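A.B. asks: Please see the structure below; I have some questions.
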Amino acid sequence: MNIISTLIEAHIFRERGDEIEFLLIKRSNDDKLYPGMWQMVTGSIDENEKAFETARREIKEETGLNPLKLWVVPNVNSFYDPNKDAIIFIPVFAAVVNATSEVIISNEHSEYKWVSKDAAKKMIAWVGQRNSIEIIHEYFTKELTNLNLIEIKNV
Numbered sequence: 001m002n003i004i005s006t007l008i009e010a011h012i013f014r015e016r017g018d019e020i021e022f023l024l025i026k027r028s029n030d031d032k033l034y035p036g037m038w039q040m041v042t043g044s045i046d047e048n049e050k051a052f053e054t055a056r057r058e059i060k061e062e063t064g065l066n067p068l069k070l071w072v073v074p075n076v077n078s079f080y081d082p083n084k085d086a087i088i089f090i091p092v093f094a095a096v097v098n099a100t101s102e103v104i105i106s107n108e109h110s111e112y113k114w115v116s117k118d119a120a121k122k123m124i125a126w127v128g129q130r131n132s133i134e135i136i137h138e139y140f141t142k143e144l145t146n147l148n149l150i151e152i153k154n155v
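Given below as structure tokens:
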């Protein structure tokens with residue numbers, strides 16, 4: 001069995017006063033794996049691409065947004081893929097966008113919503129992704145003042 005990292009997860013949020021809202025996108029009903037499922041931005045890492053480069057690219061492709069800042073979230077999601085007989089590790093990123101930015105979803109998705117942390121956690125299927133939402137919320141609403149996320153500069 002192998003351990004590989006071929007996917008990313010990117011949580012987009014905007015600041016609304018003292019709170020933050022998460023952008024969720026709904027997979028198209030034509031999607032083969034998870035039709036109609038709400039999610040954050042996800043995507044496959046291209047050959048010779050760094051995971052954070054994938055996050056930036058996928059955010060642009062799936063939402064039309066350009067993040068103001070991008071951070072590494074101290075959480076790595078994982079799952080077992082029986083087709084590859086591999087454990088897949090998924091690095092997690094957080095991206096803030098301008099509160100007035102226009103979302104333009106790709107044809108991979110049918111709709112989008114800006115939602116609170118609690119609403120996002122109810123809409124997301126996987127526990128690891130819900131944990132990422134909680135971590136991001138705690139950091140950016142200052143619930144955890146000793147937590148510092150690593151910002152990815154123009155590397």
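Here the sequence shown is numbered in the numbering used here, starting from 1 and rising by one per residue.
Note that CB positions come from ideal geometry on N, CA and C, so glycine has one too.
Computed from a prediction, not measured in an experiment: that's the story for all the values here.
1) State the start and end residues of the unbroken beta strand (DSSP E) segment that holds I8.
2) What first and last residue would you give for the alpha helix (DSSP H) that runs through Y34?
3) Could you tell me the distance, in whole angstroms, from the CA atom of I3 to the CA atom of D81?
4) In terms of residue numbering, what span does the beta strand (DSSP E) encompassing D81 cover?
5) Taking three-plus beta-carbon pairs below 8 Å as touching, is the segment 119–137 in contact with the segment 38–49?
6) To the nearest angstrom, report how far apart S110 and R57 are at their CA atoms.
7) Answer with buried or exposed for A158, where buried requires no fewer than 16 other C-beta atoms within 10 angstroms of its C-beta.
8) How is the beta strand (DSSP E) around V41 delimited, first residue to last?
C.D. replies: Looking at the coordinates:
1) If you look at I8, you'll find it in the beta strand (DSSP E) that goes 7–16.
2) Unbroken run through Y34: none, as it is neither H nor E.
3) 10 Å
4) 69–81
5) yes
6) For S110 and R57, the distance between alpha carbons rounds to 19 Å.
7) Beyond the ends of the chain as shown, which are 1 and 155, falls residue 158; an answer cannot be given.
8) 41–44
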